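First up is the structure itself, then whatever we jot down about it.
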Amino acid sequence: MYNNIMDDFAQRPRRLENTQRGQVPASRPHVRVVATGGTIAMQLDAEQGGATPAVSGADLVAAVPGIAQIARLSVEEFSNIPSEHMTPEVWLRLAARLNEISQAGDVEGIVVTHGTDTMEETAFFLDLTVRGDVPIVLTGAQRPASTPDADGPGNLRDGVRVAACAESKRRGVMIVMHGEIHTAREAVKTYTEELDAFDSHSGTDLGFVREGRVCFTSEVLPRRHLPLPTSLPRVDIIPMYAGADDAAMQAALGRRAAGLVIAAVGAGNVNRGLFDGIKAALRQGVAVVIATRVPHGLVRPLYAYAGGGVSLREAGAIMAGDLTPQKARVLLMLALAAGEQGESLRERFETSDFQAQKEPLQQNQTANADYVV
Ligand code: ASP
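This is the structure we're talking about:
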């Protein structure tokens, strides 16, 4: 199985020969903006000495010149929280609401405004749980709305452009920031303060927005969905570092974690202390998924010493492939909620058809028109 996965990744395409440009809509599409909070909706509060939630979704939209020419907009105030305050419970409610909006049939696209710090987790959760082909875009800002050079208005305008674009359908949930389009699966925040906050994990963005044009430079394979449950099991992320022991893991198990994601080192390796803890967790029936703290590349079983990837997999741990620890946690929560275990759970993470999500556009799929606003 592993060789197959690696072969797929070796052949995994990077760039398209031709970009795919959004089609000109016949009339202005209807886009719903669902505001959840984040820096995009914050203002500097001199008394408190920092930025705090202050701006409604309606005011965010009202502050973007020209946005009404791109789409007919309706705004929903879902919450106004920093994304650190997002929880699995909020994800469940947000996904349920987006399913309702998407199935109601009266919007062509949805933009979710969101804090950037955990945006990639929410985006991946929504990618796995919201059905239908209405494009869903998450966007936010690195600078509060009250700063003169705030990036929120431009990001929101680009987000609406992408959500309104017919070519965005069936590309899954996307993150649009700083003129770049990323898949939910691959988006990763890589800068704390730079406006170019996100990268695509594989090194290949899904596309870009420039001078009002939406251009797709990669294709994604059909999305995999999991059922949207009513509650999610506890899954904790346990970091590996030189000298780590199983203290954090024991604390998680003490809180009844049903699964653990190990933010391992290298291609998916841990030390003896964590290895012993992982084996004990597996014996208790706790699912263990191995991801890596390294920003690029895959986890795969390369080393057979105690704690190496080979020994971890032999002990029953699952390899997360290209998923970051925080994305692997999202998938593990949903898979456990769906009752997956044993081999079906392993396949969920390790099969190549789930992992290899991007492929080049066929030449004849190249669209003809630009969507310029
Ligand atoms: N701390 C903020 C948040 O995630 C950062 C941001 O929005 O960019 O809510």
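Mapping the sequence shown onto numbering that gives the first Met the number 0, position 24 (from 1) lands on 23, and the numbers just tick up by one. Every residue, glycine too, gets a C-beta built ideally from N, C-alpha and C. Predicted model only: the values in this text are computed from it and were never measured.
Straight-line Cα distance separating residue j from residue i
i      : j      : result
ALA163 : THR182 : 17 Å
ARG255 : GLY36  : 31 Å
VAL23  : ARG169 : The pLDDT assigned to VAL23 is 44, lower than 50, so where the model puts this residue is not dependable; a value taken from the coordinates is nonetheless given after this. For VAL23 and ARG169, the distance between alpha carbons rounds to 18 Å.
MET5   : THR112 : Summary for MET5: the model assigns pLDDT 35, below 50, so the residue's position carries little reliability; its value from the coordinates is reported in the next sentence. The straight-line gap from Cα to Cα measures roughly 36 Å.
MET248 : ILE277 : 8 Å
ALA262 : ALA327 : 10 Å
ALA57  : VAL136 : 17 Å
SER230 : LEU91  : 7 Å
VAL285 : GLY306 : 17 Å
LEU297 : LEU322 : 8 Å
MET239 : ASN270 : 8 Å
ALA34  : VAL110 : 8 Å
MET173 : ALA122 : 7 Å
ALA149 : GLN141 : 8 Å
SER101 : VAL74  : 14 Å
GLY267 : ILE69  : 46 Å
GLU99  : VAL106 : 11 Å
LEU227 : PRO87  : 12 Å
SER199 : ARG184 : 9 Å
ASP204 : THR138 : 15 Å
ASP44  : GLU76  : 22 Å
LEU93  : LEU125 : 8 Å
GLY341 : LEU311 : 15 Å
GLY211 : VAL159 : 11 Å
PHE274 : ALA246 : 12 Å
THR350 : GLU339 : 14 Å
VAL60  : GLY114 : 16 Å
SER78  : ALA303 : 48 Å
ALA241 : SER343 : 33 Å
THR51  : ILE80  : 9 Å
PHE348 : GLU179 : 27 Å
THR117 : GLU346 : 26 Å
THR191 : GLY253 : 33 Å
Whether residue i touches residue j by CB criterion (8 Å)
i      : j      : result
HIS177 : LEU155 : no
VAL293 : LEU301 : no
VAL288 : GLY258 : yes
GLY272 : ALA316 : no
VAL175 : VAL187 : no
LEU220 : ALA334 : no
SER82  : PRO134 : no
SER217 : GLY202 : no
ALA251 : LEU281 : no
PRO152 : VAL63  : yes
VAL234 : MET85  : no
PRO147 : ILE236 : no
GLN42  : SER145 : yes
Boundaries (first-last residue) of the alpha helix (DSSP H) holding residue i
i      : result
PRO324 : 324-336
THR128 : 118-128
ASP157 : 151-163
GLU83  : From DSSP, GLU83 is part of no alpha helix (DSSP H); its letter is neither H nor E.
MET248 : 246-253
GLY308 : 308-314
LEU59  : 56-61
ALA280 : 271-282
GLY341 : 341-349
Extent of the continuous beta strand (DSSP E) to which residue i belongs
i      : result
LYS374 : Missing from the structure shown is residue 374; the chain here goes from 0 to 372 and no further.
LEU72  : 71-76
GLN42  : 41-44
ILE135 : 135-138
LEU259 : 258-263
PRO52  : 49-52
Expected contact under 8 Å - CB spacing of residue i and residue j to nearest Å
i      : j      : result
GLY171 : ARG222 : 5 Å
PRO232 : ALA95  : PRO232 to ALA95, Cβ: 18 Å. No contact.
VAL89  : ASP157 : With a Cβ gap of about 25 Å, VAL89 and ASP157 do not count as contacting.
Of the residues the options, the one placed nearest residue i, counting alpha carbons only
i      : options                        : result
GLU119 : PHE197, ARG27, ALA251          : PHE197
MET318 : ALA336, ALA290, ALA95, GLU218  : ALA290
ILE66  : ALA279, ARG27, GLU342          : ARG27
VAL213 : TYR190, ILE237, GLY253, ALA165 : ALA165
LEU72  : SER199, ARG31, ALA50           : ARG31
ILE39  : GLU342, GLU192, VAL54, PHE274  : VAL54
VAL329 : LEU127, TYR190, ASN79, GLU179  : LEU127
HIS295 : THR189, ALA279, ARG345         : THR189
ALA103 : ILE80, GLY49, HIS29            : HIS29
LEU97  : THR117, ASP132, SER145         : ASP132
ARG299 : GLY320, PHE215, ALA279         : GLY320
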